[in-house]
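Following: one structure in structure tokens, then a few remarks.
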Amino acid sequence: MEEQGKVVENSGRIARVLITRHSACSKCDKTCPLSEQDSHDQDQIIMEVENEIGAVKGEQVKLEMEKKNLVFASLIIYIIPIINMIAGYFLGDWMATKANILSGEGFGILSSILFLEFSFIIIRLIDTKFKNNKNFEPVITQIIRNNKYI
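What follows is the structure, encoded as structure tokens:
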């Protein structure tokens with residue numbers, strides 16, 4: 754993932770960078786973990802990122818995050834709930850059939866909802882495990898001057 758932003762504050766190895774939001778962010782109604790602001794009405798967010806190259810306030814910079822880490826995070830967020838819902842449905846239906854309950858489909862639906870809720874707990878646990886992992890955070894990689902990377 755590559756983004757461009759402007760350094761608004763620099764404090765050693767950490768810089769605060771102003772980044773323009775993309776359309777996916779504008780549709781989100783959750784509190785943004787990447788920004789200190791809670792409002793999604795804003796077109797820009799400020800992120801704290803690692804500043805290994807020493808960019809200073811006012812400079813345009815390029816931020817990068819490894820694609821494999823972004824894909825891994827996306828798979829966790831999207832695939833775990835889907836797999837849990839499907840598994841929950843079939844498990845609930847199977848259990849209702851074994852217990853000779855007529856409406857196995859209803860138990861399947863109820864079970865899929867419970868498994869979906871369980872998947873959110875799993876995702877939260879994974880999130881706390883990777884929260885301090887620097888591989889999942891963007892880093893300033895280049896300074897942009899006159900629309901050219903340095």
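My numbering puts the first residue of the sequence shown at 754, with every later residue one more than the last. Glycine included, each C-beta is placed from N, C-alpha and C at the ideal position.
Going along the chain, which residues of its own chain have a beta-carbon closer than 8 Å to the beta-carbon of residue i, five neighbours each way excluded?
i	result
residue 863	845
residue 743	As displayed, the chain neither begins before 754 nor continues past 903, which places residue 743 out of reach and without an answer.
So residue i is in the beta strand (DSSP E); what residue range does that whole segment cover?
i	result
residue 756	755-764
Just the Cα atoms here: how many angstroms apart are residue i and residue j?
i	j	result
residue 824	residue 806	26 Å
residue 896	residue 799	17 Å
residue 812	residue 826	29 Å
residue 856	residue 831	29 Å
residue 874	residue 828	16 Å
residue 816	residue 841	40 Å
Exposed or buried, which one is residue i when buried takes at least 16 other CB atoms within 10 Å?
i	result
residue 884	exposed
residue 770	buried
DSSP puts residue i in a beta bridge; with which residues?
i	result
residue 799	771
residue 904	Any answer about residue 904 is impossible in this case: the structure gives the chain only from 754 up to 903.
Which residues in the same chain as residue i place their Cβ atom closer than 6 Å to its Cβ, once the five residues preceding and following it in sequence are excluded?
i	result
residue 764	none
residue 809	763
residue 872	833, 834 and 837
Could you pull the start and end residues of the alpha helix (DSSP H) that residue i belongs to?
i	result
residue 875	857-883
Are the C-beta atoms of residue i and some chain D residue less than 7 Å apart?
i	result
residue 814	Here there is only one protein chain, and chain D is not present.
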